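Note that the sequence shown covers residues 2 to 427 in my numbering.
Ideal Cβ placement from N, Cα and C applies to all residues, glycine included.
Everything numeric in this text was worked out from a predicted model, so none of it was measured.
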Amino acid sequence: MSVLLLEAFYGGSHKQLVDLLKESVEDCVSFTLPAKKWHWRARTSALYFMQAVPASSSYRVLFTSSVLNLAELVALRPDLARLKKVLYFHENQLVYPVRKSQERDFQYGYNQILSLSFLSSISTFMKTMPDHRPKDLDQLIRPKCRVLHFPIRFPDVTRFLPAHKRLRHSVWCDDIHAPATQSHVQSSAPSCPELTIDSAPPEKIVSVAGPQQSLEPMSVTPRQETLQIQPVSRPSGDERGSLQPLHIVWPHRWEHDKDPQLFFQTLLKLKERQLSFEVSVLGETFADVPDIFSEAKEQLVDHIQHWGFMPSKEDYLKALCQADVVVSTAKHEFFGVAMLEAVHCGCYPLCPKALVYPEIFPATYLYSTPEQLCKRLQDFCKRPQLVRHHVNQVNLHAFSWDTLGDSFRSLLGADSDRMLTEEHMS
Numbered sequence: 002m003s004v005l006l007l008e009a010f011y012g013g014s015h016k017q018l019v020d021l022l023k024e025s026v027e028d029c030v031s032f033t034l035p036a037k038k039w040h041w042r043a044r045t046s047a048l049y050f051m052q053a054v055p056a057s058s059s060y061r062v063l064f065t066s067s068v069l070n071l072a073e074l075v076a077l078r079p080d081l082a083r084l085k086k087v088l089y090f091h092e093n094q095l096v097y098p099v100r101k102s103q104e105r106d107f108q109y110g111y112n113q114i115l116s117l118s119f120l121s122s123i124s125t126f127m128k129t130m131p132d133h134r135p136k137d138l139d140q141l142i143r144p145k146c147r148v149l150h151f152p153i154r155f156p157d158v159t160r161f162l163p164a165h166k167r168l169r170h171s172v173w174c175d176d177i178h179a180p181a182t183q184s185h186v187q188s189s190a191p192s193c194p195e196l197t198i199d200s201a202p203p204e205k206i207v208s209v210a211g212p213q214q215s216l217e218p219m220s221v222t223p224r225q226e227t228l229q230i231q232p233v234s235r236p237s238g239d240e241r242g243s244l245q246p247l248h249i250v251w252p253h254r255w256e257h258d259k260d261p262q263l264f265f266q267t268l269l270k271l272k273e274r275q276l277s278f279e280v281s282v283l284g285e286t287f288a289d290v291p292d293i294f295s296e297a298k299e300q301l302v303d304h305i306q307h308w309g310f311m312p313s314k315e316d317y318l319k320a321l322c323q324a325d326v327v328v329s330t331a332k333h334e335f336f337g338v339a340m341l342e343a344v345h346c347g348c349y350p351l352c353p354k355a356l357v358y359p360e361i362f363p364a365t366y367l368y369s370t371p372e373q374l375c376k377r378l379q380d381f382c383k384r385p386q387l388v389r390h391h392v393n394q395v396n397l398h399a400f401s402w403d404t405l406g407d408s409f410r411s412l413l414g415a416d417s418d419r420m421l422t423e424e425h426m427s
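Below, the structure is given as structure tokens:
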């Protein structure tokens, strides 16, 4: 039990990362809370874990996500203060998009600063305090920082691929398992996954930032929207490359920060122009689903192939493999597991030229305006062979567990303190 894994929101990418570490790193024990009522988890989970985690002299590393207020937990459980602490950020509450600035709850960003947070956003965020603002917090944190990307274990999807994708799948697999040229990238950009290390014992804190979507089913079944639609019969083999309409997939959480409004407005423009396309809207749903989803379901009913969260990982992979284009319209994104997994399943990605996307995707996959997104999809609707014959240019292997696993094992392993101290000094 030398590695203590705590997760206050055990679902989505939070669950995916914890499960991967439990499976791949020796000597781990985990304590979790269900993935619901996020705001309450952020406010009160420290009290829960204070009581749930038994005292043990064998704990050496504490790994948790930033939903937990780590500073509170350490204050409540002084025996955990001696551990090296690894804190993973799945989102940045300092800049998380809100509809009105008055709606931003200062407490969530403040919790992340107390736990250890984001360099370039701190000074702006702290200006919302009326007076007695702390100074130079970013300078205290910056020397501890390095970047370690979220690791993805890409599954073998060969059996799910249509013929026109299977021809190129061996190329994608070669990319994923190619020898890694580096295990992490140095950066201080707030949109990029960030690993922060304090090498001076006993107060060691590590922070990492990452993604938003998972292929794994949640531990608690979320509210689901289901639309019964007879699947369109598909030609077999290579006929799909010329006969079937373009299949667009949107595999993100059904929440406003993923900007579903822009996505559905774009599809409705394609419909108005009488273009042929199918759409699959996947991803998890929670208590508050934006109204645009029910409105779009009604208006796009003749174009829908799949609608709603798929609790079966296999079904989710099959849906991705049958799609042609995967779209992100996110206004807040740290990494984007769903986008990279869709690329692994042979989808052509279209992403905003903003946030973390330019760090991961070549320029050919980026759009700058809603008009550019619509134009790209319009062209693909008219000529779907452009994406079906396209060879993926995304460097998937850089984000695979095969590439990053040793870095995470080193971080959580017996020699991690010594190795990280040497890196910091070099």
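Check                                                                                                                                                                        : Outcome
Does the CB of N396 have a neighbour CB from chain C at under 9 angstroms?                                                                                                   : Chain labels in this structure do not include chain C; a single protein chain is all it has.
Can you tell me which of Q394, P371, W39, E24 puts its alpha carbon nearest to the alpha carbon of T12?                                                                      : Per the sequence shown, the amino acid found at residue 12 is Gly instead of Thr. Checked all of Q394, P371, W39, E24; the closest Cα to G12 is W39.
Cα separation between V68 and Q386?                                                                                                                                          : 43 angstroms
Tell me the rounded alpha-carbon separation between H248 and A320.                                                                                                           : 10 angstroms
Just to confirm my understanding: we take T129, look at its own chain, exclude 5 residues before and 5 after, and list those with CB closer than 7 angstroms. What are they? : F107
Using only the alpha-carbon positions, how far apart do L88 and L276 sit?                                                                                                    : 46 angstroms
Quick one: grab the DSSP three-state call for S66.                                                                                                                           : strand
Spell out a yes or no on whether the segment 299-311 and the segment 276-287 are touching, meaning 3 or more CB-CB pairs, one atom from each, closer than 8 angstroms.       : yes
Pick out whichever of H150, P350, S58, K85 has its Cα sitting closest to the Cα of S408.                                                                                     : H150
Indicate whether F294 and P252 have their beta-carbon atoms separated by less than 9 angstroms.                                                                              : no
Spell out a yes or no on whether the segment 364-373 and the segment 336-351 are touching, meaning 3 or more CB-CB pairs, one atom from each, closer than 8 angstroms.       : yes
Should the segment 320-338 be regarded as contacting the segment 124-142, the criterion being three or more beta carbon pairs within less than 8 angstroms?                  : no
CA-CA distance, G414 and I153?                                                                                                                                               : 19 angstroms
Helix, strand or coil for P371 per DSSP?                                                                                                                                     : helix
For S14 and V338, which I take to be in contact (beta-carbon distance under 8 angstroms), what is that distance rounded to the nearest angstrom?                             : 5 angstroms
By how many angstroms is the C-alpha of F50 removed from the C-alpha of A56?                                                                                                 : 11 angstroms
What is the residue span of the beta strand (DSSP E) that L247 lies within?                                                                                                  : 247-251
What does the alpha-carbon distance come out to for the pair W255 and L412?                                                                                                  : 34 angstroms
May I ask you to report which of helix, strand or coil DSSP gives A364?                                                                                                      : helix
For V395, list the residues DSSP reports as bridge partners.                                                                                                                 : Paired residue(s): none; V395 is not in a bridge.
What first and last residue would you give for the beta strand (DSSP E) that runs through E279?                                                                              : 278-282
Look up H40 in the DSSP assignment and say whether it is helix, strand or coil.                                                                                              : helix
Within 10 angstroms of the Cβ of H133, are there 16 or more other Cβ atoms? Answer buried if so, exposed if not.                                                             : exposed
In this structure, does DSSP put P144 in helix, strand or coil?                                                                                                              : helix
With 16 other CB atoms within 10 Å as the buried threshold, where does E73 fall?                                                                                             : buried
Roughly how many angstroms separate the alpha carbons of V186 and L405, rounded to a whole number?                                                                           : A caution first: V186 carries a pLDDT of 31, below 50, which makes its placement in the model unreliable, though a value can still be read off. Cα to Cα, the separation comes out at about 11 angstroms.
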